[in-house]
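Below is one structure, written out as structure tokens, with a few remarks after it.
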Amino acid sequence: MKTKKNILMLSLVILILVSGYGTYQLGKRQGMKTITPPISDAVAPIPKAGGTVKKVLYWHDPMVPGQKFDQPGKSPFMDMPLVPVYANGEDDDGKVSISSRVQQNLGIRTAEVTTGNLVPNVVAVGSIAYNERDVALVQARSNVFVEKLYVRAPFDVVRKGQPLAELYVPDWIAAQEEYLSAKRLQVGAMEGLLDGAKQRMRLVGMSDDQIRMIEASGKVHSRLTITAPLNGVISELTVREGMTVMTGASLFRINGNATIWVNADIPENLSTQVRTGNTVEARTPSLPGTVFKGKVGAILPQIDTVTRTLKARIELANPSGQLVPGMFATLNFDGLARKECLLIPTEAVIATGKRSVVMVAQENGTFLPVDVVIGMESKGQTEIIKGLEAGQKVVVSGQFLVDSEASLKGTATRMSDTSASPNNSSTMGATYRAEGKVEKIDKETMTISHGPIPALQWGSMTMGFKLPAGGLPKNVEIGDTVIFEIRAIKEGVFQIITIAPTIATPKKDMPAKTTKSETMSDMSMPSVPAGAKK
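Numbering (this note's numbering), first residue to last: 472 to 1005.
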């Protein structure tokens, strides 16, 4: 009796547990139904201003606009989600409409067309050289003997008044003795003789200072100490101790280093922006962070026929002697201010090679490609000569997305030139061969992971192709490594012409094929058990 009671209690407990678990599962299912599933950004309808919802026509990859997909997801071509294209019945006359959500996700930025004065910033390079207007030549004014040199090597730095050499001058002795003899006579009739003796000393190369020294001392000075006439560098040293030097021979050449020249190469197309007197800032790699200021001293009237550059001579102050001839310098010229013009950021201009295009942002997320004529560019700003008006907004980043939308809608003013389009005869008629792996097969397309195709400038990628016109061969399946040929049928769309597996592999779970004769033979012969005699 007690056993039956225990069994009854145990059954009751099990029934309660099963009932509780069933109630929990039922409540869980009903609760999940009340939760609204999240809507993907790719499939979420976009409400219009009037409360209606835009209809999604299809999804596409902005980088391969010719391929259309009927479901959202990840692009098979690029590592990015597919972008929806919404229905729009308005005639936009070449305009491209992009939702604000897509604009924000892809970072499309705009800037306003402004007016202002563009000051060209001309940048050039040049080499440092001595200032040839600051040169001193030290010559022998009489026949002399070099007794001692104080400067013994070229490119020695000298200061003004520093001794350079000591010379013995025989011609001075007779002229000085004649002058001193006439001076000792102190006779009125001899005054003319004194003037003549003084003039003779000048003729043998003595300066007025040296003559006054003879008058003051009353002694003959046969030796002369030559001193440096300015601060600079000994660029030429043509004498040595013990040499005999004739009258007029050069002894030293001294280049001053208080100022130096920079010979800059100005491009021919910028030569009109540089004028004598323009201020210049110079920088050298050897002195980073140091700016030397100067002015354009002269513009040489000669064009280098090889480099097509004009020489500009800039004079820079060099008080500490840091600038040395032979150094390279980068120069920034303040050009001539141009009259007021329209300006946009340089990054907004797309140069296609034959023309310049700007994407103009309009109301309600629409964009219009506009051809522009550009002028001077300086400091991140570009002059617009024709095509825009002040106050308009232009796209400065994300132009590729707008261009792909223009391609989808057949916009006439595309950013790319027609010569670069796959629709031209040379690309349309050509076929391209590649090898890859079949990833997916749909009703109309096949997705293949292929290697580089140099003729199309493609790298390795996974993308979709139109199936062959005659259908896909039966021996091609997903996972096969295939060799295939493709041809462009329209912009951004390629169709498979031929395709075949690289290695024929037997199909799994399929009996081997037999010939007709083998089948007839099998039908005519009775079956014989294994081990039995015929």
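All residues carry an ideal CB built from backbone N, CA and C; glycine is no exception.
If you draw a 10 Å sphere on the C-beta of residue 617, you find 16 or more other C-beta atoms in it, and that means buried.
Taking a 10 Å sphere around the C-beta of residue 853, we find 16 or more other C-beta atoms and assign the residue as buried. Taking one beta carbon from each stretch, the stretch 714 to 730 and the stretch 608 to 617 have 3 or more pairs nearer than 8 Å; the two touch.
The Cβ-Cβ distance between residue 787 and residue 753 falls below 7 Å. In terms of Cα proximity to residue 856, the closest of 832, 691, 814 is 814. Straight-line spacing of the CA atoms in residue 592 and residue 792 works out to 28 Å. Between residue 582 and residue 816, the CB-CB gap stays under 7 Å. Judged by their CB atoms, residue 699 and residue 594 are not nearer to each other than the 7 Å cut-off. Residue 706 and residue 625 do touch by the CB rule: their CB atoms are close to 7 Å apart, below 8 Å.
Here DSSP, grouped into helix, strand and coil, assigns residue 569 to coil. Rounded to the nearest angstrom, the gap between the Cα atoms of residue 927 and residue 949 is 25 Å.
Within the model, the alpha-carbon separation for residue 642 versus residue 632 is close to 25 Å. In this structure residue 916 is buried. Its beta-carbon is surrounded by 16 or more other beta-carbon atoms within 10 angstroms. Its chain contains 608, 706, 707 as the residues whose beta carbon lies nearer than 6 Å to that of residue 724, once the 5 sequence neighbours on both sides are disregarded; these appear in chain order. Counting along the chain, residue 917 sits inside the beta strand (DSSP E) bounded by residues 916 to 921. DSSP, read as helix, strand or coil, puts residue 667 in helix.
Residue pairing from DSSP places residue 839 in a beta bridge opposite 831.
Going by DSSP, residue 682 is part of the alpha helix (DSSP H) stretching over 679 to 688. Sequence-distant Cβ neighbours of residue 605 in its own chain, meaning closer than 6 Å and more than five residues away, are 727.
Around the beta-carbon of residue 799, fewer than 16 other beta-carbon atoms lie within 10 Å, marking it exposed.
The shortest CA-to-CA distance from residue 601 to any of 812, 656, 951, 730 is the one to 730. Residue burial annotation: residue 635 is buried, with at least 16 other C-beta atoms found within 10 angstroms of its C-beta. Given a length threshold of 3 residues, each whole run of the beta strand (DSSP E) inside the stretch 691 to 778 is given here in chain order: 694 to 698, 703 to 708, 721 to 727, 730 to 738, 750 to 754, 763 to 775. DSSP places residue 782 in the uninterrupted beta strand (DSSP E) bounded by 780 to 788. If you compare the alpha carbons of 944, 953, 913, 943 with that of residue 922, the shortest gap goes to 953. Classified as buried, residue 863 has 16 or more neighbouring CB atoms from the shown chains inside 10 Å of its CB. Scanning its chain for C-beta atoms nearer than 8 Å, with the 5 sequence neighbours on each side dropped, one finds around residue 861 the residues 584, 585, 586, 813, in chain order.
Sixteen is the threshold: since fewer than 16 other Cβ atoms of the shown chains lie within 10 Å of the Cβ of residue 945, the residue is exposed.
By the Cβ neighbour-count rule, residue 697 is buried, with 16 or more other Cβ atoms within 10 Å of its own. The alpha-carbon of residue 748 is positioned some 42 Å away from that of residue 677. If you look at residue 961, you'll find it in the beta strand (DSSP E) that goes 952 to 961.
By the CB criterion at 7 Å, residue 651 and residue 615 fall outside the cutoff. With contacts defined as CB atoms closer than 7 Å, residue 543 and residue 528 fail to qualify as a contacting pair.
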